[in-house]
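For reference, the structure discussed in these notes is given below.
Numbering (our numbering), first residue to last: 190 to 353.
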């Protein structure tokens with residue numbers, strides 16, 4: 190057997206189904222991680238601003254991603270994996286934010302969930318796993334698609350959490 194053909198056969202056997210084929214949001218999957226984060230932050234910034242909320246910050250070099258109506262938010266964005274989960278990376282526990290906003294990009298929809306900083310620290314938002322073995326600064330949070338909410342409820346959720 191030709192070694193290239195053998196390798197192609199093995200790759201096909203180990204390659205999960207591509208849930209992103211024919212998706213309008215496929216372009217998100219093609220971006221690097223830094224660009225994905227920037228897109229998530231810009232999406233939240235514009236979506237909340239379009240809803241009439243006061244937004245400031247939003248610079249990737251600042252400690253806080255966004256300030257909404259005076260409340261600070263950390264924003265994480267992830268795409269849906271073939272296993273039906275999102276992995277939100279680099280969640281910082283050493284930053285002073287009021288809310289963690291997670292935006293999930295699916296092939297057919299955008300979803301979200303958000304938690305207070307206290308919920309993140311107490312792991313009420315979910316179990317946090319260290320990003321690297323010998324550090325205790327950045328963590329990842331894995332969420333099932335079913336743990337997330339449709340984006341059309343985002344504005345009202347933000348308003349209720351901020352008591353607007």
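Note that beta-carbon positions come from the ideal geometry of N, C-alpha and C, so glycine has one too.
Next item on the list: Could you please give the first and the last residue of the uninterrupted beta strand (DSSP E) stretch that includes residue 199?
Entry: Working through the chain shown from its first residue, we reach residue 199 at position 10. Here residue 199 belongs to no beta strand (DSSP E); instead the alpha helix (DSSP H) covers 192-203.
Check: Using DSSP with H/G/I as helix, E/B as strand and the rest coil, what is residue 259?
Finding: Taking the first residue of the chain shown as 1, we reach residue 259 at position 70. Correct three-state label for residue 259: coil.
Next item on the list: Taking residue 290 and residue 340 to be in contact with their CB atoms under 8 Å, please state how far apart those CB atoms are, rounded to whole angstroms.
Entry: On the chain shown, residue 290 is found 101 positions in, with the first residue counted as 1. On the chain shown, residue 340 is found 151 positions in, with the first residue counted as 1. Not confirmed; about 11 Å, so no contact.
Notebook entry, point to check: Which residues bound the alpha helix (DSSP H) around residue 224?
Noted result: Indexing the chain shown from 1 puts residue 224 at position 35. It spans 222-239 - the alpha helix (DSSP H) in which residue 224 sits, taken as one unbroken run.
Margin query: On a Cα-Cα basis, can you pick out the residue from 245, 259, 232, 283 that is closest to residue 266?
Written below: Counting from 1 along the chain shown, the entry for residue 266 is found at position 77. Comparing Cα-Cα distances from residue 266 to each of 245, 259, 232, 283, the minimum goes to 232.
Notebook entry, point to check: Under 7 Å, do residue 354 and residue 254 count as touching if we go by C-beta distance?
Noted result: Residue 354 falls outside the range modelled here, since the chain spans only 190 to 353, and no answer is possible.
Next item on the list: Rank 344, 307, 338, 349 by C-alpha distance to the C-alpha of residue 234 and give the top, closest one.
Entry: The residue you call residue 234 lines up with position 45 of the chain shown. When each option's Cα is compared against that of residue 234, the closest is 344.
Checklist line | Cβ distance (whole Å) where residue 263 is taken to contact residue 281 below 8 Å | finding: Position 74 of the chain shown, counted from the start, is the residue given in the question as residue 263. Position 92 of the chain shown, counted from the start, is the residue given in the question as residue 281. Yes, residue 263 and residue 281 are in contact; Cβ-Cβ is about 7 Å, under 8 Å.
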